[in-house]
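Remarks on the structure that follows.
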DNA sequence: CCAACTTATTAAACTTCTTTAATAAGTTTT
DNA sequence: AAAACTTATTAAAGAAGTTTAATAAGTTGG
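Chains as they are written, first to last, in the numbering used here: chain A, 119 to 449; chain B, 119 to 449.
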């Protein structure tokens, strides 16, 4: 039975973290508002906020207009208190983005591909460079186009040095900094989900139609679905016609019928709230045709909303969100 | 952000609940063992156990053999301290089972069908009868062959009185007792998962091949998958051949090939650890053939283990587990 | 069989959050 | 402009778990 109980020991951490995220979520707040929102007593909030103010983590914005009595002070999280570094490992290049606690990107750039260069040193050099320029960096999040198990690269074709390598632990030791390593599609669903402020109940499937075959990232009950062998979302292999799976059908048969069947399969099994495509892969008019095709198999009231979104953005949001969580929650 | 933090207010409940479940899980324990297992200080455990002993909730089993010093007292949860009632609403009849905290069934029986009788009064009469005979009953769990949203019957064909009825709230008010209402397939996966002591990471799909068409219960990351319109697991509608969905294929095409494609679809999307069939639906030799059929679509290392299990038992375990959780965790 | 040593349990001191009371700082009314 | 009233903040008292010290109950070796 997974123990998720806050013992008095871990209390301090839990309170700090929840104050941080609420402050960022609300933009700013008074002590009373925080106490109300978090169900933590006023004096406790006051004490923590005092400490965080002293360390520059929280800023005083001034006074609220009076609501009839003494005016309340308004506080905000200092978005520049710490920075996060997100690195996107891709075949052709390695991108990186530096963001603050408010999620604002402060700097981004592109370097030679760590993957084709096939050397972790390249990645380490990139990180070292950023760290020297920005000593406030306090979290790393790495996106990888391969199967990841708890920070370890399980399967990444063609890039030998990373194969079966525990990247998370390696980087955490190397830079003594909390690090997240996540698959690209999983980061994208996560990013879309969190950026849209969706609730845990809302399940999503994010579809990618690349030249290496289609793939999907899946979120159910607020968590990414990984599968027993980290093979979930390999939708290219769904059987669809007498003789063709989804990938084959995409190329050999009617594209929108194949896509419609894929949506139908996912709906029959998972019945997600939304299925998201990259706007680069699919146009709005195609979405309509796909919906129509899938409604030949599934009653339309049970079909998901088909959305087109910006994959790169969602991927970035995903890595930002992972990094942010590490920055706010020093475990 | 879903607040899952134990404030000092809810502390007492959280500690009691965790002591209860650990005691039941381990069978018996010393105070030191509980303190160790739960990461709660010895004095606190001691205090709570004292209180629970006074109320008859916990029994003293005697002394352990000495491990070199003073002998430790051994405690166990009193399995008869409270009982749970599980009710299985089925088309042809209504079954019920009475079980104690250790999960042991103390009594079971069958009554006229609440569904075809189409009257909630029948259900209430059954429960009232049990309650009079066994005043220690302290939880209700109801299994329903229909879509359930948070205790409300969302969709159940042919049984008008239950349609769109908040059964959970109704029964909780009527009998002032914590109540769980769950779909039959969902209860079965849950029961299998918990009874096998599986971890949250292990995902399952429980397949049922009834005369009303196949259906499935799905568990991912330790939670039941419900879908946006509570339509998840409606695998009968998976497109499989040029012109046939799964249900049609089951009847018109080669049965094991259809089943193999169904397994392949689920594996390509979810990649679960196991797919479970009712032993009444599928024989061991058929399982092999299905595996073979699905391996034409999916590399075998990514295929789930195909299991045959006792559906009725798993369903019972599911309702027991839901009831037990309510008995141990008075919210 | 008693001294030396282990281990379990109880008691006392400590920490930390909450609740309640007191004080400070505004606003409005007369 | 002072009295009456609101609301924010600070201070003191209370509650509940943890840590540390003290005591009780066994075991073992000379």
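Each residue gets a CB set at the ideal place from its N, CA and C atoms; glycine is no exception.
Identified DSSP bridge partners for residue i
| i | result |
| --- | --- |
| residue 301(B) | 262(B) |
| residue 423(B) | 392(B) |
| residue 226(A) | 215(A) |
| residue 349(A) | DSSP output for residue 349(A) lists no bridge partner at all. |
| residue 178(B) | 193(B) |
| residue 337(A) | 322(A) and 342(A) |
| residue 138(B) | The partner list for residue 138(B) (beta bridge, DSSP) is empty, contrary to what the question assumes. |
| residue 166(B) | None, per the DSSP bridge assignment. |
| residue 307(B) | Residue 307(B) pairs with nothing; no bridge assigned. |
| residue 204(B) | 215(B) and 259(B) |
Rounded C-alpha distance that separates residue i from residue j
| i | j | result |
| --- | --- | --- |
| residue 411(B) | residue 336(B) | 22 Å |
| residue 214(B) | residue 440(B) | 14 Å |
| residue 352(B) | residue 334(B) | 6 Å |
| residue 120(A) | residue 408(A) | Model confidence at residue 120(A) stands at a pLDDT of 40, short of 50, so the residue's coordinates are unreliable; what they give is reported in the following sentence. If I take the Cα positions, the gap works out to 41 Å. |
| residue 277(A) | residue 425(A) | 33 Å |
| residue 354(A) | residue 228(A) | 30 Å |
| residue 245(A) | residue 292(A) | 10 Å |
| residue 343(B) | residue 127(B) | 32 Å |
| residue 341(B) | residue 388(A) | 13 Å |
| residue 339(B) | residue 324(A) | 18 Å |
| residue 259(A) | residue 420(B) | 28 Å |
| residue 226(A) | residue 302(B) | 52 Å |
| residue 231(A) | residue 209(A) | 6 Å |
| residue 455(A) | residue 196(A) | Examination of residue 455(A) is not possible in this model, given that chain A is present from 119 through 449 alone. |
| residue 375(A) | residue 405(A) | 11 Å |
| residue 199(B) | residue 137(B) | 15 Å |
| residue 397(B) | residue 327(B) | 11 Å |
| residue 165(B) | residue 296(B) | 27 Å |
| residue 370(A) | residue 250(A) | 52 Å |
| residue 153(B) | residue 157(A) | 28 Å |
| residue 413(A) | residue 235(B) | 35 Å |
| residue 272(A) | residue 312(A) | 26 Å |
| residue 248(A) | residue 427(A) | 30 Å |
| residue 284(A) | residue 211(A) | 21 Å |
| residue 178(A) | residue 380(B) | 59 Å |
| residue 365(B) | residue 422(A) | 21 Å |
| residue 170(A) | residue 133(A) | 12 Å |
| residue 131(A) | residue 142(A) | 17 Å |
| residue 238(B) | residue 288(B) | 10 Å |
C-beta contact flag for residue i and residue j at 9 Å
| i | j | result |
| --- | --- | --- |
| residue 310(B) | residue 145(B) | no |
| residue 433(A) | residue 217(A) | no |
| residue 300(B) | residue 266(B) | yes |
| residue 438(B) | residue 204(B) | yes |
| residue 377(A) | residue 400(A) | yes |
| residue 124(A) | residue 125(B) | yes |
| residue 162(B) | residue 447(B) | no |
| residue 254(A) | residue 270(A) | no |
| residue 264(A) | residue 442(A) | no |
| residue 280(B) | residue 262(B) | yes |
| residue 415(B) | residue 363(A) | yes |
Buried or exposed (CB count within 10 angstroms, at least 16 for buried), residue i
| i | result |
| --- | --- |
| residue 304(A) | buried |
| residue 445(A) | buried |
| residue 268(B) | exposed |
| residue 223(B) | exposed |
| residue 307(A) | buried |
| residue 220(B) | exposed |
| residue 403(A) | exposed |
| residue 471(A) | In the structure displayed, chain A extends from 119 to 449; residue 471(A) sits before or after that span and is not available. |
| residue 418(B) | exposed |
| residue 294(A) | exposed |
| residue 315(B) | exposed |
| residue 257(B) | buried |
| residue 478(A) | The structure shown does not extend to residue 478(A), since chain A spans only 119 to 449, so no value can be given for it. |
| residue 275(A) | exposed |
Check your understanding: Is it true that the segment 142-156 of chain A meets the segment 184-194 of chain A, where meeting means three or more beta-carbon pairs spaced less than 8 Å apart?
Key -> Taking 8 Å as the limit for Cβ pairs, the verdict is that the segment 184-194 of chain A does touch the segment 142-156 of chain A.
**Study point:** At least three beta-carbon pairs within less than 8 Å, the segment 365-384 of chain A to the segment 308-327 of chain B
**Key:** No, because fewer than three Cβ pairs between the segment 365-384 of chain A and the segment 308-327 of chain B fall closer than 8 Å, the two stretches do not touch.
Point to revise | Three-pair Cβ contact test at 8 Å for the segment 389-397 of chain B versus the segment 357-364 of chain B | key: The segment 389-397 of chain B is not in contact with the segment 357-364 of chain B.
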